[in-house]
Amino acid sequence: MMKIVLSSKIHRAWVTDANPDYIGSILIDEDLMDKVGIWNYEKVLICDVTNGNRFETYAIAGDRGSGVCSIQGAAARLS
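Numbering (the working numbering), first residue to last: 224 to 302.
Structure, rendered in structure tokens:
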């Protein structure tokens, strides 16, 4: 039997940008990804605590130290 478990969590991160014209993903500061153990192109679950929206996408490393947390693609229109 295979179980899917949570390996990392970024709690209450602020989305700094949204780009609906990109194919899809979430761009996260590479320093933060390293700190919590999220790999580049790893599947992630995003939950919006404001409206309850949830979606799965993949993480892409943003510039180190930028503080970026940017929703890309169609998911940028969910909030």
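We put the beta carbon where it would ideally sit given N, CA and C, even for glycine.
Computed from a predicted model, the values in this text were never measured in an experiment.
Same chain, Cβ closer than 8 Å to residue i, five either side skipped, listed in chain order
i, result
"LEU232", "Just to set this straight, residue 232 is Lys in the shown sequence, not Leu. These residues qualify, in order along the chain: VAL259."
"VAL291", "THR239, ASP240, LEU250, ILE251, ASP252, GLY285"
CB-CB length for residue i against residue j, believed under 8 Å
i, j, result
"GLY285", "GLU265", "In fact, because the Cβ distance is near 14 Å, the residues do not count as touching under 8 Å."
"SER293", "ASP240", "4 Å"
"ASN242", "ALA299", "6 Å"
Close beta carbons around residue i, own chain, < 7 Å, minus the five adjacent residues each side
i, result
"LEU255", "ILE233"
"THR280", "GLY247, SER248, ILE249, VAL267, ILE269, ALA298"
Between the CA atoms of residue j and residue i - distance to the nearest angstrom
i, j, result
"VAL238", "ILE227", "26 Å"
"SER248", "ILE261", "13 Å"
"SER230", "LEU268", "11 Å"
"ALA236", "ASP244", "22 Å"
"ASP257", "ARG287", "10 Å"
"SER273", "MET224", "Looking at the sequence provided, one finds Thr at residue 273 rather than Ser. The alpha-carbon atoms of THR273 and MET224 are separated by roughly 35 Å."
Cβ shell of residue i (< 6 Å), same chain only, five flanking positions each side left out
i, result
"ILE246", "GLY296"
"LEU301", "ASN276"
"ALA282", "ILE249, ILE251, ILE261, GLU265, VAL267"
"PHE278", "ILE269, ALA298"
Which residues DSSP lists as bridging residue i, in chain order
i, result
"ALA241", "ILE294"
Every unbroken beta strand (DSSP E) inside the segment 245 to 298 [3 residues or more]: Secondary structure in the segment 245 to 298: the beta strand (DSSP E) runs of 3 residues or longer, each lying completely within the stretch, are 248 to 252, 266 to 270, 277 to 285, 292 to 295 in chain order.
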